[in-house]
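Peer 1:
Number of protein chains: 2
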Amino acid sequence: MEFINGTRMCGGPAYNDLLEGGRRNQTVQVSGMVHVKRPVGGGLTFLKLRLRDGLLQCVCSGLDLAGVPEESAVTVSGALREETRAPGGVELAAESVEVLSRPAEPMPVPVAKARLNVNLDTELGLRPVLLRHLRARSIFRIQAGLSRAFREYLQKEGFTEVHTPKIVHAGAEGGPNIFRLDYFGRKAFLAQSPQFYKQTMVGAFERVYEVAPVFRAEKHATTRHLNEYTSMDFEMGFLRSFTDVMEMETGFLRYAMDLLRREYAGDAARLDIDIPEVTEIPAIRFDEAKRLAAEKYGYQIRDPYDLEPEEEHAIGRYAREEWGSDFVFVTHYPGRKRPFYAMDDPDDPRYTLSFDLLFRGMEVTTGGQRIHDYGQQVAKLEKLGMDPAEFGSYLMIHRHGMPPHGGLGIGLERLTMQLCGLDNVRCASLFPRDLSRLEP
Amino acid sequence: MEFINGTRMCGGPAYNDLLEGGRRNQTVQVSGMVHVKRPVGGGLTFLKLRLRDGLLQCVCSGLDLAGVPEESAVTVSGALREETRAPGGVELAAESVEVLSRPAEPMPVPVAKARLNVNLDTELGLRPVLLRHLRARSIFRIQAGLSRAFREYLQKEGFTEVHTPKIVHAGAEGGPNIFRLDYFGRKAFLAQSPQFYKQTMVGAFERVYEVAPVFRAEKHATTRHLNEYTSMDFEMGFLRSFTDVMEMETGFLRYAMDLLRREYAGDAARLDIDIPEVTEIPAIRFDEAKRLAAEKYGYQIRDPYDLEPEEEHAIGRYAREEWGSDFVFVTHYPGRKRPFYAMDDPDDPRYTLSFDLLFRGMEVTTGGQRIHDYGQQVAKLEKLGMDPAEFGSYLMIHRHGMPPHGGLGIGLERLTMQLCGLDNVRCASLFPRDLSRLEP
Chain B
2 MEFINGTRMC
12 GGPAYNDLLE
22 GGRRNQTVQV
32 SGMVHVKRPV
42 GGGLTFLKLR
52 LRDGLLQCVC
62 SGLDLAGVPE
72 ESAVTVSGAL
82 REETRAPGGV
92 ELAAESVEVL
102 SRPAEPMPVP
112 VAKARLNVNL
122 DTELGLRPVL
132 LRHLRARSIF
142 RIQAGLSRAF
152 REYLQKEGFT
162 EVHTPKIVHA
172 GAEGGPNIFR
182 LDYFGRKAFL
192 AQSPQFYKQT
202 MVGAFERVYE
212 VAPVFRAEKH
222 ATTRHLNEYT
232 SMDFEMGFLR
242 SFTDVMEMET
252 GFLRYAMDLL
262 RREYAGDAAR
272 LDIDIPEVTE
282 IPAIRFDEAK
292 RLAAEKYGYQ
302 IRDPYDLEPE
312 EEHAIGRYAR
322 EEWGSDFVFV
332 THYPGRKRPF
342 YAMDDPDDPR
352 YTLSFDLLFR
362 GMEVTTGGQR
372 IHDYGQQVAK
382 LEKLGMDPAE
392 FGSYLMIHRH
402 GMPPHGGLGI
412 GLERLTMQLC
422 GLDNVRCASL
432 FPRDLSRLEP
Chain V
2 MEFINGTRMC
12 GGPAYNDLLE
22 GGRRNQTVQV
32 SGMVHVKRPV
42 GGGLTFLKLR
52 LRDGLLQCVC
62 SGLDLAGVPE
72 ESAVTVSGAL
82 REETRAPGGV
92 ELAAESVEVL
102 SRPAEPMPVP
112 VAKARLNVNL
122 DTELGLRPVL
132 LRHLRARSIF
142 RIQAGLSRAF
152 REYLQKEGFT
162 EVHTPKIVHA
172 GAEGGPNIFR
182 LDYFGRKAFL
192 AQSPQFYKQT
202 MVGAFERVYE
212 VAPVFRAEKH
222 ATTRHLNEYT
232 SMDFEMGFLR
242 SFTDVMEMET
252 GFLRYAMDLL
262 RREYAGDAAR
272 LDIDIPEVTE
282 IPAIRFDEAK
292 RLAAEKYGYQ
302 IRDPYDLEPE
312 EEHAIGRYAR
322 EEWGSDFVFV
332 THYPGRKRPF
342 YAMDDPDDPR
352 YTLSFDLLFR
362 GMEVTTGGQR
372 IHDYGQQVAK
382 LEKLGMDPAE
392 FGSYLMIHRH
402 GMPPHGGLGI
412 GLERLTMQLC
422 GLDNVRCASL
432 FPRDLSRLEP
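For the protein sequence lines, the chains are B and V, in the order given.
8 is the number that my numbering gives to position 7 of the first sequence; each next residue is one higher, with no gaps.
396 is the number that my numbering gives to position 395 of the second sequence; each next residue is one higher, with no gaps.
Now the structure itself:
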């Protein structure tokens with residue numbers, strides 16, 4: 002029997018700890034993976050050690066490193082000294098290298114180069130090891146920063162986190178784009194969104210959020226669709242207007258970009274990311290946005306009820322050129338493109354009190370106000386030819402009283418993609434799921 | 002066109018804002034749901050308003066509230082005044098009540114009573130509205146505090162959040178307890194755990210965590226199993242010993258309990274929760290724990306290779322009585338009860354470098370060290386009669402080098418259940434999934 006007290010933490014110092022002044026000229030022990038091994042002659046070898054938060058240069062003089070191939074796990078001991086030519090301004094003068102583990106084979110593609118230079122298919126197939134490339138690592142650290150910012154901001158605004166089921170008895174978005182599974186002999190589905198549940202929780206908590214996977218069985222093979230992605234959802238009660246939801250999102254985006262600038266500057270620099278300043282975001286009606294962009298860029302509007310990717314791109318360009326903004330809210334989508342729970346605009350019921358957020362010309366958010374009145378929701382279902390009886394547990398909240406409410410869902414991978422300037426959303430998913438990809 | 006600047010936030014003040022001194026004797030506007038409406042005669046009516054973080058007492062004198070049933074959404078204006086008999090020490094002297102929405106029907110079960118007094122089946126069927134009960138709300142606020150603490154603590158310890166796929170091509174835990182689905186004509190599964198992926202990410206980030214749903218097609222109908230639950234997973238590299246994982250968990254638990262005491266005291270008080278002090282946690286070998294509990298409580302050990310629920314309970318009781326601890330680590334589980342990636346104990350390969358954490362006599366965590374060496378992992382797979390070729394993308398990380406590593410998974414619902422003293426894990430899941438329950 003022994004006691005664990007939670008203070009004997011493993012691992013050596015992190016890279017950022019080493020950069021602090023206090024450790025200079027001290028002997029330190031650092032554990033990491035051999036990212037690069039480069040003999041430079043005269044018995045001298047440079048090791049670059051991959052730590053969880055950076056790359057530490059180690060100079061090994063007169064040490065036998067024959068048994069230390071790249072991607073070995075090692076603990077290096079030595080003096081930490083100032084070296085202005087090394088990244089971060091310090092290097093480790095290694096006195097000993099202890100090998101903790103060795104790879105069985107060298108990497109299939111060298112990960113130490115600035116760019117991987119393999120095609121996307123190869124890269125995704127080798128993802129389990131190619132994520133060790135520092136660019137890939139930075140993309141997913143930025144992504145972690147975005148979901149962290151979402152939670153921190155909403156926590157501060159009085160939201161409660163919820164965990165809602167992904168195996169469901171009915172889809173929220175309707176349509177055929179839903180995965181089916183066998184649930185102990187019963188038909189079940191994978192949740193396309195936490196829509197019904199997050200609305201439900203507004204009745205209890207007033208403000209809720211969830212960051213969780215959603216599943217869409219869309220047969221798209223585009224650079225902007227995934228069949229499983231991470232949705233950052235919130236829902237809030239006591240709206241005065243559906244623009245309150247856009248205010249909350251704008252507040253989040255400002256918080257997120259500030260957090261990235263403050264705590265993820267190294268990753269942003271490696272990716273050469275331009276983190277936008279979020280001061281104010283233009284909001285423009287759907288029909289007006291379509292008209293303005295078509296007029297300015299001289300094209301015909303093909304479908305008055307939908308925004309095609311090219312049109313999103315044109316509206317994003319318009320917002321950049323006319324208002325200097327990377328973001329633009331497009332509001333008042335036509336009702337025929339919005340689901341049954343969308344609140345119609347009382348001033349013109351062909352449109353809804355809803356919006357998308359475009360970021361650099363791509364939709365990254367869909368949101369809006371929901372119907373809260375029981376009679377109104379039942380009437381809309383019936384008008385759409387749907388059977389209210391199939392939505393019994395959802396309509397329970399309307400029947401027994403709901404405040405005016407609304408919310409949104411942000412696609413984390415798309416937000417990451419646009420922020421990092423990636424040309425395929427698969428690059429912003431650790432292990433993407435698409436029509437042909439179920440592995441790794 | 003308008004600009005959204007993220008500062009015009011909706012909703013009135015939160016309950017905690019009202020408790021601060023500065024608002025006393027001021028006129029305020031507060032929005033909330035009518036939790037209780039109680040006429041007390043003489044033209045006087047008490048409204049209790051359910052805000053997102055508390056219950057505000059409003060005194061209405063001479064106002065016509067005939068059209069304001071319980072579970073209406075309202076905005077009440079009036080003077081906030083000191084009233085020592087009211088919870089929180091303040092009440093609102095209502096001057097006007099504006100109705101934002103009304104329910105179509107009264108609640109099926111009154112939610113304002115201290116206890117619901119319905120059976121579990123009824124409660125779960127009516128969950129969408131019964132979550133408005135303050136006890137239920139407090140349970141899930143405590144739960145949100147636990148997952149928040151997990152992330153905050155690990156963030157501080159240099160962990161990176163990852164989002165790994167839930168639709169997978171192979172199960173991590175093996176066996177028949179896995180949900181199958183059709184993935185565009187191919188056979189796919191729902192992830193039983195993020196095991197392979199989190200190990201994979203140790204090669205890139207060294208320390209990673211994920212809070213996400215996992216799916217187990219177990220045909221159990223017990224008070225401690227769910228078919229979908231929230232798993233809090235972490236995985237870390239450069240272990241000196243598998244006890245490093247237990248150190249990290251102990252650090253988390255201390256942080257979590259401190260956070261709950263600090264920021265969730267109202268919820269803990271409502272639930273009459275005893276939040277344990279985490280100073281040190283006893284760790285005892287599996288075989289020794291079984292022997293000591295059997296000796297002390299006078300029963301026969303039936304299965305030397307497994308811990309039955311009754312035995313977990315006895316060991317938990319032993320830890321409480323002998324060491325004064327609500328938690329106890331049980332270490333060195335027999336290899337035959339651990340999956341193929343578990344590291345065998347080099348001192349006695351019948352056992353593994355693994356552990357469970359029992360909390361008040363129930364397993365809430367499974368963890369341990371994993372095999373990091375390629376040859377060793379292939380040999381173990383073959384010894385177990387499994388085909389290494391089926392684990393190609395997983396073994397890629399071993400082939401190309403991994404540090405010694407390990408981690409754990411904590412069942413969020415079980416942790417919540419044990420902390421809140423609930424007698425069924427379903428009470429700790431917003432919308433539980435079990436053999437018969439797929440809805441709501």
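Just so it is clear, CB atoms sit at the ideal spot from N, CA and C, and this is done for glycine as well.
1) Using CA coordinates, which residue listed in V:LEU135, V:ARG25, V:PRO129 and V:HIS401 is at the minimum distance from GLU106 (chain B)?
2) What in chain B is Cβ-close to ARG149 (chain V), meaning under 8 Å?
3) Measuring only the C-alpha atoms, how far is GLU313 (chain B) from HIS399 (chain B)?
4) Taking 8 Å as the cut-off, decide whether the C-beta atoms of LEU261 (chain B) and GLY146 (chain B) are in contact.
5) Any residues in the stretch 9 to 31 of chain B with a beta carbon nearer than 9 Å to a beta carbon of chain V? Which ones, in chain order?
6) For ALA189 (chain B), go through chain V and note every residue whose CB falls closer than 7 Å to its CB, in chain order.
7) Counting Cβ pairs closer than 8 Å, one from the stretch 178 to 192 of chain B and one from the stretch 292 to 302 of chain B, do we hit at least three?
8) In the DSSP assignment, the alpha helix (DSSP H) including CYS421 (chain B) goes from what residue to what residue?
9) State buried or exposed for GLU21 (chain B), treating a residue as buried only when at least 16 other CB atoms are found within 10 Å of its CB.
10) What does SER394 (chain V) touch in chain B if you count any residue whose Cβ is under 7 Å from its own?
11) Following the continuous beta strand (DSSP E) through PHE360 (chain V), name the residue where it begins and the one where it ends.
12) Chain V beta carbons: is any one of them nearer than 8 Å to that of LEU240 (chain B)?
13) Let's see if you can read the secondary structure: which residues bound the beta strand (DSSP E) around SER184 (chain V)?
14) To the nearest whole angstrom, what separates the beta carbons of ARG149 (chain V) and GLN156 (chain B), a pair I think is in contact under 8 Å?
15) Drop a sphere of 10 angstroms on the beta-carbon of ARG415 (chain B), count the other beta-carbons inside from all chains shown, and report buried for 16 or more, exposed for fewer.
16) Report the CB separation of ASP273 (chain B) from ILE143 (chain B) in whole angstroms; it is logged as a contact under 8 Å.
17) Which word fits TYR306 (chain B), buried or exposed, when buried means at least 16 other C-beta atoms lie within 10 angstroms of its C-beta?
18) Which whole-angstrom value is the C-beta distance of LEU436 (chain V) and PHE141 (chain V), which I expect to be below 8 Å?
19) Would you tell me roughly how many angstroms separate the C-alpha atoms of ARG241 (chain B) and PRO14 (chain V), rounded to the nearest one?
20) Any contact between the stretch 226 to 244 of chain V and the stretch 407 to 427 of chain V? By contact I mean 3 or more CB pairs, one from each, below 8 Å.
21) Give the C-beta separation of VAL426 (chain V) and ARG225 (chain V) to the nearest angstrom, bearing in mind that I take them to be a contact with Cβ-Cβ under 8 Å.
22) Can you say whether GLY90 (chain B) is buried or exposed, counting buried as having 16 or more other CB atoms within 10 angstroms of its CB?
23) Give the residues of chain B in contact with HIS373 (chain V), contact being defined as C-beta atoms less than 7 Å apart.
24) Against PHE360 (chain V), what residues of chain B qualify as contacts under a CB-to-CB distance less than 7 Å, listed in chain order?
25) For LEU382 (chain V), which residues of its own chain have a beta-carbon under 8 Å away from its beta-carbon, when the five flanking residues on both sides are left out?
26) In the DSSP output, what is GLY369 (chain V) paired with across the bridge?
27) Using CA coordinates, which residue listed in V:VAL37, V:LYS38, V:PRO40 and V:ARG53 is at the minimum distance from LEU19 (chain V)?
28) Whole angstroms is fine: what's the gap from GLU281 (chain B)'s alpha carbon to ARG263 (chain V)'s?
29) Can you name the start and end residues of the alpha helix (DSSP H) that HIS1 (chain V) belongs to?
30) Is there contact between the stretch 116 to 130 of chain B and the stretch 86 to 103 of chain B, where contact requires at least three CB pairs shorter than 8 Å?
31) May I have the straight-line CA-CA distance separating GLN30 (chain B) from CYS61 (chain B), to the nearest angstrom?
32) The beta strand (DSSP E) spanning MET403 (chain B) covers which residue range?
33) Using only alpha-carbon positions, find the residue among B:VAL69, B:LEU127 and B:ARG82 that is nearest to ALA104 (chain B).
34) Who are the Cβ neighbours of SER355 (chain B) in its own chain at under 8 Å, not counting the five residues just before and after it?
35) From the DSSP secondary-structure annotation, give me the bridge partner or partners of VAL331 (chain B).
36) Take the Cβ of MET10 (chain B) as the centre, count every other Cβ of all protein chains shown within 10 Å, and call the residue buried at 16 or more, exposed below.
Peer 2: Per the coordinate set shown:
1) GLU106 (chain B) has its Cα closest to that of V:HIS401, out of V:LEU135, V:ARG25, V:PRO129 and V:HIS401.
2) Chain-ordered, the chain B residues with CB closer than 8 Å to the CB of ARG149 (chain V) read ARG152, GLN156 and GLU162.
3) GLU313 (chain B) and HIS399 (chain B): Cα-Cα distance of roughly 34 Å.
4) The answer is yes: Cβ separation under 8 Å.
5) Considering only beta carbons, the part of the stretch 9 to 31 of chain B lying closer than 9 Å to chain V consists of ARG9, MET10, CYS11, GLY12, GLY13, ALA15 and ASN17, in chain order.
6) Residues of chain V passing the Cβ test: LEU439.
7) At 8 Å Cβ cutoff, the stretches do not touch.
8) Here the alpha helix (DSSP H) through CYS421 (chain B) covers 413 to 421.
9) Exposed, by the Cβ-count rule.
10) Those are PRO129, GLU440 and PRO441, listed as they occur along chain B.
11) 355 to 360 is the extent of the beta strand (DSSP E) around PHE360 (chain V).
12) Yes, LEU240 (chain B) counts as interfacial toward chain V.
13) It is Tyr, not Ser, that sits at residue 184 (chain V) in the sequence shown. Residues 181 to 184.
14) The C-beta separation of ARG149 (chain V) from GLN156 (chain B) comes to about 7 Å, placing the pair in contact by the 8 Å criterion.
15) The residue is buried, with at least 16 neighbouring Cβ atoms inside 10 Å.
16) The pair is not a contact, with the Cβ atoms about 12 Å apart (cut-off 8 Å).
17) Label assigned to TYR306 (chain B): exposed.
18) Between LEU436 (chain V) and PHE141 (chain V), the beta carbon gap of about 23 Å keeps them out of contact (Cβ cut-off 8 Å).
19) Separation of ARG241 (chain B) and PRO14 (chain V) (C-alpha to C-alpha, rounded to the nearest whole angstrom) is 14 Å.
20) Verdict: yes, contact present.
21) So it is a contact: roughly 5 Å between Cβ atoms.
22) Exposed, since its Cβ has fewer than 16 Cβ neighbours within 10 Å.
23) The contacting residues are SER102.
24) Within 7 Å Cβ-Cβ: nothing; PHE360 (chain V) doesn't reach chain B, min ~14 Å.
25) The beta carbon of LEU382 (chain V) is closer than 8 Å to those of PHE341, ASP388, PRO389 and PHE392 in its chain, skipping five residues each way along the sequence.
26) In DSSP, GLY369 (chain V) forms a bridge with V:SER355 and V:GLY408.
27) Of the candidates V:VAL37, V:LYS38, V:PRO40 and V:ARG53, the one whose C-alpha sits nearest the C-alpha of LEU19 (chain V) is V:ARG53.
28) Each residue's Cα considered, the two are about 36 Å apart.
29) Here chain V has residues from 2 to 441 only, and residue 1 (chain V) is not among them.
30) No, they do not touch.
31) CA-to-CA, the gap between GLN30 (chain B) and CYS61 (chain B) works out to about 14 Å.
32) In this chain, MET403 (chain B) is not harboured by any beta strand (DSSP E), its DSSP state being neither H nor E.
33) The displayed chain sequence assigns Pro, not Ala, to residue 104 (chain B). Selected option, being the one with the closest Cα: B:VAL69.
34) These residues qualify, in order along the chain: PHE243, THR332, HIS333, TYR334, ARG339, ALA343, MET344, THR367, GLY368, GLY369 and GLN370.
35) B:ILE285 and B:ASP357, per the DSSP bridge assignment.
36) The residue is exposed, with fewer than 16 neighbouring Cβ atoms inside 10 Å.
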